[in-house]
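Chains as they are written, first to last, in my numbering: chain A, 1 to 564; chain B, 1 to 343. A short worksheet on the structure shown next.
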Amino acid sequence: MTVASAVDSFEHRSGSLEKRYLPETIGSGVALVDYDKDGWLDIYFVNSLSDAARAGMAPENSAALFRNNQDGTFEDVTRQAGVANRRWGSGVCAGDVNNDGWVDLFVSNFGKSRLYLNQGNGEFTDVAEQARVQVDAWATGCAFGDYDRDGLLDLYVASYVNFDWESPPPPGGSATAPRPVSPDTARQAGNAPATGVAFESGLPACVYYGTPVACGPKGLEPAADHLYRNEGAGEFRDVTKSAGLRGGRASYGLAVAWVDADDDGWLDLIVANDSMPNFLYRNLGDGTFEELGVLSGLGTNGDGLEQAYMGVAVGDYNHDGRNDLFFTTFAGDNYTLHRNGGNLDFTDVTLQSGLLAVTLPYLGWGAEFLDYDNDGRLDILAANGHIFPQADPATWGTSYKQRTLLLRNLGNGRFADAADEAGSGFARAKSSRGAAVGDLFNRGTLDVVLNNLDSMPTLLRNRRTMGGHHWVGLQLVGDPGRQTPRDAIGSVAYVDAGGFRQRAEVSSGRGYLSQSDQRVHFGLRTADTVDSLEVIWSNGQRENYAIPAVDRLFVIEQGKGLRE
Amino acid sequence: MTRAGLRLTAGALAIALSATGQSPDFAEYVQAVRDADTRLSRNDFEGVIDNLETWPEKFPDRPEASHFLGLAHYGLRQFESAIGYLAGALEMERPDSAAWKQTVEILGAAYYFRGMWREAEPLLEKAAHWRPDDSELLYTLAMSHLHLGHRDRALQEFAKVFRVDPDSPRALLLAGNLMYRENRLSDATALLREALKMEPGLPGASYRLGVIAVRQGDYQGAVELLGHELERQPHDAAGWHSLGEALSGRGRLAEAVEALKRAVWLDPSAAASYLLLAKTYMSLNQLGLAEDAVGRALRVSPQSYEAHYLSGRIYYKTGRMELARKQLAAAESLRRTAVKGGP
């Protein structure tokens with residue numbers, strides 16, 4: 001329903017259509033936020049720049065904010081809101097950085113990033129410079145989280161590559177004579193995913209299956225990420241090194257998620273790195289972190305091999321009360337599901353979960369857990385699209401545009417492609433990047449918005465008949481006076497209904513460069529009552545609530561109770 | 001196709017050049033080409049390039065310098081440059097001359113290694129006429145056919161390479177296996193099914209179809225196919241390994257363990273089977289048995305980074321952090337060495 005909704009007036013642009021250089025390939029994110037507090041989700045699309053705009057020969061391309069008209073349509077309010085960005089945009093994450101009750105946006109750019117402070121009157125002001133979070137690098141994924149539990153949201157910004165537009169590495173490169181590399185050999189060598197990727201090792205990856213392509217990231221200099229501590233009064237401080245985040249060790253960082261991976265009450269940090277092991281930074285509770293990515297099993301796949309990690313989804317798919325993680329990766333390699341066994345021990349269960357073969361042909365970006373059919377089980381969404389347009393004429397067994405995968409949770413630890421019931425919107429191939437999930441129309445069903453490379457976006461309205469399945473939605477409001485951020489990011493809700501316990505939490509960032517609905521949603525299957533609801537606020541306080549009815553959204557204010 | 005083969009006709013080409021009665025510049029050119037010929041015989045490819053690089057521009061109507069430059073770049077695996085020079089030489093050389101034939105062969109091979117199958121195929125086909133017994137050439141031609149989806153032509157060439165009757169089930173099995181290797185799973189499946197139709201029970205055919213089913217996520221189908229194979233070939237360690245993989249994929253972990261035990265009993269040197277066994281034990285949370293299986297993998301293959309990785313993960317799971325860090329550092333070091341060394 002993209003056209004009917006009027007969001008088709010936005011068109012993403014990212015350099016040339018030939019995709020000669022890496023920055024042109026990674027696309028941008030999308031955010032679902034209620035910026036005007038009218039109770040309806042609005043949509044913010046990040047944009048990059050066209051070739052002409054980058055060369056200064058055309059106006060810079062604009063991001064777009066669409067206000068929800070509450071009737072299935074949206075209105076472009078970018079200009080009034082002052083969020084056009086008009087820089088080479090990558091990602092977006094939301095958080096109420098000053099606890100004033102209005103959601104703010106961080107937009108990560110190639111160049112100077114922006115922190116759009118919501119003024120509460122429909123307008124935003126970029127305060128990145130004053131707040132000292134401009135980054136000024138190729139910033140990618142971002143996420144707000146209160147890692148030190150002082151009630152103020154801190155910010156982590158990943159960066160990808162130190163890329164010089166003045167002397168970009170040419171496609172194919174001069175020193176990239178390809179060797180014929182069989183998939184098995186490449187895999188054994190550890191320089192390529194499971195099948196098919198025939199990059200020459202030790203050289204900039206500029207040739208793929210014998211075809212000159214955009215170089216990188218391998219062979220290019222990785223960029224350093226940043227952790228910014230919110231000092232209050234509108235200022236942040238870069239604490240990357242003092243927090244022990246690998247001394248700011250550079251990586252090809254793309255996606256970021258604050259997750260309490262060991263349920264000790266302190267937010268840990270996960271960074272999905274392209275072509276490098278993921279980072280899992282354990283929060284030691286004293287303002288410092290310990291990196292445990294490979295040790296914990298989360299850094300690589302179950303064979304100990306790094307993958308080209310793009311997006312990360314977080315959710316308890318198996319109802320054991322712990323957050324599991326799902327990563328999208330490069331084509332020819334499977335996406336990876338890591339089951340959280342507790343004590344920071346993750347197991348690659350991709351094979352057993354049935355996700356190996358079905359994801360193999362795709363190159364994935366946006367990644368989200370969502371219960372699309374309200375059956376109480378978290379399904380998986382993966383937005384896909386190749387980075388090389390050369391995929392179409394070639395015989396690589398894949399294509400440039402790819403369909404978005406909806407993977408249904410079968411409830412026995414396994415997933416299956418739900419293409420046959422996902423609807424026509426999922427069947428259309430695009431080169432998708434950012435993906436966000438949320439209840440756009442307040443119907444109790446989760447919709448999907450995709451930001452597509454060099455194209456108009458996709459809005460997939462969930463029209464599924466829920467077959468008697470119920471739901472409940474929660475908007476958590478924290479109490480900054482108790483050191484919980486106002487928007488309750490990091491707070492966790494547990495719902496018992498229909499004989500099983502579900503977990504969901506208020507989060508920032510995650511997925512791929514995108515922001516999903518910050519309200520939490522529980523599908524309840526046929527249960528028409530909720531047995532119990534427990535909220536663990538991000539300051540550690542536990543509260544229990546009685547949910548009086550299902551199929552509606554409740555607001556829960558910390559220490560004050562629940563209202564419809 | 002090999003670098004040694006480059007000398008094959010290069011000498012003849014150089015000797016055929018005569019400086020008699022030509023300009024001093026041309027005499028210098030002839031000398032440079034002869035010198036290149038000598039350098040080529042010593043695999044001094046850089047020397048050839050340094051000496052000849054300026055000559056094609058000075059004598060744009062002469063093929064020799066381009067020919068040698070093409071060979072030198074090919075020798076250095078700089079296929080794109082090789083293609084540029086050899087394509088130029090091909091237009092100037094007399095058809096059916098020794099030089100022309102070598103250009104056809106090497107240019108075809110350069111296209112092949114560049115992944116330009118469409119350009120490679122006709123040249124390699126020509127070369128196969130005058131080198132009908134050159135297995136390397138025939139193999140390259142077959143692979144070009146394969147990549148272009150010319151299944152039957154690939155089958156014919158593979159049959160020649162391996163000296164089997166192209167109409168026999170064994171030829172189909174052979175081609176099916178090679179197509180599987182190149183990830184052309186549907187072509188491979190078609191050939192293997194045809195082979196089984198011609199000879200039900202053909203050893204290896206159900207096994208390969210089972211492996212393909214694993215790759216495609218059809219674990220139940222794989223279990224059945226591999227079961228058929230193992231009924232006839234119970235001594236096939238690779239079959240038991242794949243059955244273990246398929247059973248793991250179905251979540252039938254205890255049965256997977258049984259299959260993998262058989263794989264390592266039949267082939268105690270199969271590190272991959274020990275590793276899969278270890279992973280399966282880990283999934284079953286039987287960490288002692290997993291540690292034992294990894295230990296055996298390490299004895300068989302001490303440089304296996306995967307074995308060191310799994311060993312580290314088991315130490316981590318059992319709280320032996322220092323050992324875990326040590327093993328994972330070893331795994332990382334081995335993996336980096338493998339990447340540096342290249343495939």
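Don't be surprised by glycine CBs; every beta carbon is placed ideally from N, CA and C. This one's a predicted model, so the numbers in the text were calculated from it and none came from an experiment.
For A/Q70, the CB contacts under 7 Å within the same chain, skipping 5 residues up- and downstream, are W40 in chain order. Contacts with chain B at 7 Å (Cβ-Cβ) include A/D345. Distance from the CA atom of B/S135 to the CA atom of A/G341, rounded to whole angstroms, is 53 Å. Interface flag for B/R313 against chain A is set, since a Cβ pair is found closer than 7 Å. A/Q352 belongs to the set of residues whose beta carbon lies under 7 Å from a beta carbon in chain B. Residues of chain A whose Cβ lies closer than 9 Å to the Cβ of B/S242 do not exist; the shortest such Cβ separation is about 13 Å. Assigned with DSSP and collapsed to three states, A/I556 falls in strand. A direct Cα-to-Cα measurement between A/L153 and A/N230 gives close to 6 Å.
Residue pairing by DSSP places A/P212 opposite A/V207 in a beta bridge. A direct Cα-Cα distance of roughly 16 Å separates B/Q156 from B/R131. A/W258 is bridged by DSSP to A/L269. For B/Q220, same chain residues with a beta-carbon under 7 Å away, outside a window of 5 residues either side, are R250 in chain order.
Residue burial is scored here from C-beta neighbours: B/T337 has fewer than 16 other C-beta atoms within 10 angstroms and is therefore classed as exposed. Interface with chain B (7 Å Cβ-Cβ cutoff): A/A357 is included. The beta-carbon of A/G364 is placed no less than 7 Å from the nearest beta-carbon of chain B.
Bounds of the beta strand (DSSP E) holding A/V30 are 30-33. Residue pairing by DSSP places A/D447 opposite A/G438 in a beta bridge. The beta-carbon of B/G249 is placed less than 7 Å from the nearest beta-carbon of chain A. Using a Cβ-Cβ cut-off of 7 Å, B/A331 counts as an interface residue toward chain A, since at least one Cβ of chain A sits closer than that to its own. In this structure the region 524-542 of chain A lies against the region 471-485 of chain A, because at least three pairs of beta carbons, one per stretch, are closer than 8 Å. Around A/R501, the same chain offers H319, G321, Y494, V495 as residues with beta carbons nearer than 8 Å, after the five sequence neighbours per side are excluded. Counting the other CB atoms within 10 Å of its CB gives B/E258 a total below 16, which places it among the exposed residues. Around the beta carbon of B/Q31, a 10 Å sphere encloses fewer than 16 other beta carbons of the protein chains shown; the residue is thus reported as exposed. A/N462 and A/Y372 have their C-alpha atoms some 8 Å from each other.
In the three-state DSSP reduction, B/R94 falls in the coil class, being neither helix nor strand.
Separation of A/L295 and A/D268 (C-alpha to C-alpha, rounded to the nearest whole angstrom) is 15 Å.
Straight-line measurement puts the Cα of A/Y400 at about 44 Å from the Cα of A/I556. Proximity of A/L407 to chain B, defined by a Cβ-Cβ separation below 7 Å, is not satisfied. The beta-carbon distance between A/F330 and A/H338, rounded to whole angstroms, is 17 Å. This is too long to meet the 8 Å contact definition.
Across the set A/A81, A/R542, A/Y335, the C-alpha of A/R542 shows the shortest separation from the C-alpha of A/K560. The C-beta of B/G176 comes no closer than 7 Å to any C-beta of chain A. The beta carbon of A/V492 does not come within 7 Å of any beta carbon belonging to chain B, so the residue lies off that interface. One Cα belongs to B/W117, the other to A/K112, and the distance between them is close to 45 Å. Counting other Cβ atoms within 10 Å of its Cβ, B/L334 reaches 16 or more and is therefore classed as buried. About 16 Å separates the beta carbon of A/R86 from that of A/E123, a gap too long to meet the 8 Å contact definition.
Its Cα nearest to that of A/G72, the residue A/D447 stands out among A/E564, A/A546, A/D447.
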